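This report refers to the structure that appears directly beneath it.
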Amino acid sequence: MRRRPIPAVKPADLGEALRYLAEGGKPLAGGTDLLVAIRKGTENPPFLVYVGELPELRVLRETAEGLEVGAALTHAELLAHPATARFPILRQVLATIGSPAIRAMGTLGGNLVTASPAGDGLVALYLLEARVRLVSAAGERELPVAEFIQGPRQTALRPGELVRALFLPYLEGQPLSFFRKVGRRQALVIAVASLGALVWVEGGRVAQARLALGSVAPTVLRPREVEQALVGRPVRPEAWADLVPLLCAATQPISDLRASAEYRRKVAGRLLLALAQALARPA
Amino acid sequence: MRLRFRLNGRAVEVGVPPGRRLLDLLREDLGLIGTKEGCGEGECGACTVLVDGKPRLACLTLALQVEGKEVLTVEGLAQGGKLHPLQEALVETGGVQCGFCTPGFLMAAYALLLVNPRPSREEVRAWLSGNLCRCTGYEQIVDAVLLAAERMRDARA
Numbered sequence: 001m002r003r004r005p006i007p008a009v010k011p012a013d014l015g016e017a018l019r020y021l022a023e024g025g026k027p028l029a030g031g032t033d034l035l036v037a038i039r040k041g042t043e044n045p046p047f048l049v050y051v052g053e054l055p056e057l058r059v060l061r062e063t064a065e066g067l068e069v070g071a072a073l074t075h076a077e078l079l080a081h082p083a084t085a086r087f088p089i090l091r092q093v094l095a096t097i098g099s100p101a102i103r104a105m106g107t108l109g110g111n112l113v114t115a116s117p118a119g120d121g122l123v124a125l126y127l128l129e130a131r132v133r134l135v136s137a138a139g140e141r142e143l144p145v146a147e148f149i150q151g152p153r154q155t156a157l158r159p160g161e162l163v164r165a166l167f168l169p170y171l172e173g174q175p176l177s178f179f180r181k182v183g184r185r186q187a188l189v190i191a192v193a194s195l196g197a198l199v200w201v202e203g204g205r206v207a208q209a210r211l212a213l214g215s216v217a218p219t220v221l222r223p224r225e226v227e228q229a230l231v232g233r234p235v236r237p238e239a240w241a242d243l244v245p246l247l248c249a250a251t252q253p254i255s256d257l258r259a260s261a262e263y264r265r266k267v268a269g270r271l272l273l274a275l276a277q278a279l280a281r282p283a
Numbered sequence: 284m285r286l287r288f289r290l291n292g293r294a295v296e297v298g299v300p301p302g303r304r305l306l307d308l309l310r311e312d313l314g315l316i317g318t319k320e321g322c323g324e325g326e327c328g329a330c331t332v333l334v335d336g337k338p339r340l341a342c343l344t345l346a347l348q349v350e351g352k353e354v355l356t357v358e359g360l361a362q363g364g365k366l367h368p369l370q371e372a373l374v375e376t377g378g379v380q381c382g383f384c385t386p387g388f389l390m391a392a393y394a395l396l397l398v399n400p401r402p403s404r405e406e407v408r409a410w411l412s413g414n415l416c417r418c419t420g421y422e423q424i425v426d427a428v429l430l431a432a433e434r435m436r437d438a439r440a
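Heads up: the sequence lines are chains A and B, in that order. Take the first sequence: its position 43, counting from 1, is numbered 43 in this note's numbering, and each next residue is one higher. Take the second sequence: its position 70, counting from 1, is numbered 353 in this note's numbering, and each next residue is one higher.
Put into structure tokens, the structure is as follows:
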């Protein structure tokens, strides 16, 4: 366990931050994941570059097509900002992260870069088909979130590159949103399995559905075959029963100290029925 | 680095490695041992302090992150030798046994009452969910926060 202070710098602006990153520094924003990993010794960067207060990473901008969210905005700031009201799923998910203190510290960009298969924020980003805006000395580039995340704790981030913002395209219509995670303690829980969904319902039937599962595969998973099979189904649990095995089969869970693979798979299937029940309940 | 910030209402300037934990800065360098280290990884809430009015875990905060900020620790709650209403209420309801988690609970509760002076029991429980106590079992702590909130409202009225 590391006890000595890690070298750290606070750059005056984005340009200076990018120069430090090019020298091998690792960006620090909220610190809720990174500082734990450093203390445990699973991360050992040469030095940290504090980017949490750079104005470029703290923008919240509504455009005609969507919302640009600065990577260093905290979960609590996003929950409180009126602009996120257009994305109820984002608020639903963020409200379950950690505890009030963790939400006041942790950032959406940090949640992304940590790339945990259990990252709650990622479930919302996959459902919203967010795009990741990256900046480096070489310029800007943009990637869909599902391409940016490459595996457990693996991203497409290149050396010297920084996540500047996330772009959330506005959704058409008014989908119903759902998020539930199963874990062993309500606060600060690392999910055993989670399911988030956006479901467009017309005349009591599913017109379109997006599902995202957390903690049951190397990355957050969009079970496309289940999404497609849901189209046209009545919003009743009994009309979805045959999709439970399909969903379970789509998962690739592991066994770890929190739960067995078998249990995770079962919980994922059960969450699909919980979604159907939630949708069937009159609002 | 020469770190400048405000601590419990007072301007402080101190030489500190920028990557030193705020928790160690407070306890080891500045002698404010009210803030406790429990788990050291953000699960227990014992090291909760306020930074610019918002709850933060001092074990997961580096010194450079409080540059120019206003930090409030449990030592800053009592004023003029008189306990803060939250502290008085905790004593009265029996919400303190070993006391190790108490500063963290106090700071989390203080942060709640800043944004919500009239919390429901459920809101208090949800807000304190990041703080662990192994002795009292939470009910008396929640009672204390509700009691203090009521008294603070009365005092303002």
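All C-beta atoms in this analysis are idealised placements derived from N, C-alpha and C, irrespective of residue type, glycine included. Keep in mind it's a predicted model, so treat the numbers as computed, not measured.
Check: Residues sharing a beta bridge with alanine 22 of chain A, DSSP; Outcome: Alanine 22 of chain A is not bridged to any residue.
Check: Neighbourhood of proline 234 of chain A by C-beta distance below 7 Å, restricted to the same chain and skipping five residues each side; Outcome: Gly204, Arg205
Check: Nearest-angstrom beta carbon gap, leucine 108 of chain A and glycine 121 of chain A [assumed within contact, 8 Å]; Outcome: 6 Å
Check: Presumed contact (8 Å Cβ cut-off) between arginine 339 of chain B and alanine 249 of chain A, rounded CB distance; Outcome: The Cβ separation is near 43 Å, so there is no contact.
Check: Continuous beta strand (DSSP E) assignments of at least 3 residues falling wholly in the region 62-95 of chain A; Outcome: 66-70
Check: Backbone secondary structure at glutamine 288 of chain A - three-state DSSP; Outcome: No information on residue 288 of chain A is available, as it lies outside the stretch 1 to 283 that chain A covers here.
Check: Contacts that leucine 35 of chain A makes with chain B (C-beta to C-beta distance below 7 Å); Outcome: Leu343
Check: Nearest candidate by alpha-carbon position, reference leucine 195 of chain A, set A/Gln208, A/Val267, A/Phe47; Outcome: A/Val267
Check: Proximity to leucine 230 of chain A [Cα-Cα], best of A/Glu62, A/Asp256, A/Glu202, A/Ile254; Outcome: A/Glu202
Check: Beta-carbon gap between alanine 392 of chain B and alanine 341 of chain B smaller than 9 Å; Outcome: no
Check: Limits of the beta strand (DSSP E) - the one that lysine 337 of chain B falls within; Outcome: 337-340
Check: Chain-ordered neighbours of leucine 315 of chain B on chain A, where CB pairs are closer than 7 Å; Outcome: None at all; the shortest Cβ gap to chain A is about 18 Å.
Check: Proximity of arginine 4 of chain A and tyrosine 126 of chain A at Cβ, strictly below 9 Å; Outcome: no
Check: DSSP bridge partner residues for phenylalanine 200 of chain A (one or two, in chain order); Outcome: According to the sequence shown, residue 200 of chain A is tryptophan rather than phenylalanine. Answer is A/Gln208, bridged to tryptophan 200 of chain A.
Check: One or two residues paired with glutamine 154 of chain A in a DSSP bridge; Outcome: A/Gly151
Check: contact_flag[the region 360-375 of chain B, the region 398-413 of chain B] where n(CB pairs < 8 Å) is 3 or more; Outcome: no
Check: Distance, glycine 119 of chain A Cα to asparagine 111 of chain A Cα; Outcome: 6 Å
Check: Selection from B/Arg404, B/Thr376, B/Glu358, B/Gly302 that minimises the alpha carbon distance to leucine 313 of chain B; Outcome: B/Glu358
Check: Cutoff 9 Å: leucine 373 of chain B Cβ touching any chain A Cβ; Outcome: no
Check: Closer than 9 Å to chain A by CB, threonine 356 of chain B; Outcome: no
Check: C-alpha distance - arginine 270 of chain A paired with glutamate 227 of chain A, whole-angstrom precision; Outcome: 16 Å
Check: Cβ distance (whole Å) where glycine 160 of chain A is taken to contact alanine 22 of chain A below 8 Å; Outcome: 4 Å
Check: Contacting positions in the region 322-341 of chain B - beta carbon closer than 7 Å to chain A; Outcome: Gly323, Glu324, Gly325, Glu326, Gly328, Thr331, Lys337, Pro338, Arg339, Leu340
Check: Residue ranges of each alpha helix (DSSP H) within the region 322-381 of chain B, 4 or longer; Outcome: 368-376
Check: Neighbourhood of alanine 276 of chain A by C-beta distance below 6 Å, restricted to the same chain and skipping five residues each side; Outcome: Pro237, Trp240
Check: Interface residues of chain A facing leucine 347 of chain B [CB-CB closer than 7 Å]; Outcome: Ala8, Lys10, Tyr50
Check: Length of the line joining the Cα atoms of lysine 319 of chain B and tyrosine 50 of chain A; Outcome: 25 Å
Check: Which of helix, strand or coil DSSP assigns to alanine 138 of chain A; Outcome: coil
Check: Own chain, CB closer than 7 Å to glutamate 65 of chain A, minus 5 neighbours either side, in chain order; Outcome: Pro169, Tyr170
Check: Minimum C-alpha distance to leucine 333 of chain B - residue among B/Ala431, B/Gln423, B/Pro386, B/Leu429; Outcome: B/Pro386
Check: Euclidean distance between Cα positions of threonine 155 of chain A and alanine 115 of chain A; Outcome: 7 Å
Check: Extent of the continuous beta strand (DSSP E) run through tyrosine 50 of chain A; Outcome: 48-50
Check: Proximity of alanine 193 of chain A and proline 152 of chain A at Cβ, strictly below 9 Å; Outcome: no
Check: Residue from A/Arg58, A/His81, A/Pro11 whose Cα sits closest to the Cα of glycine 70 of chain A; Outcome: A/Arg58
Check: Leucine 360 of chain B vs leucine 305 of chain B beta-carbon contact at 9 Å; Outcome: no
Check: Within-9 Å CB hit, threonine 84 of chain A to chain B; Outcome: no
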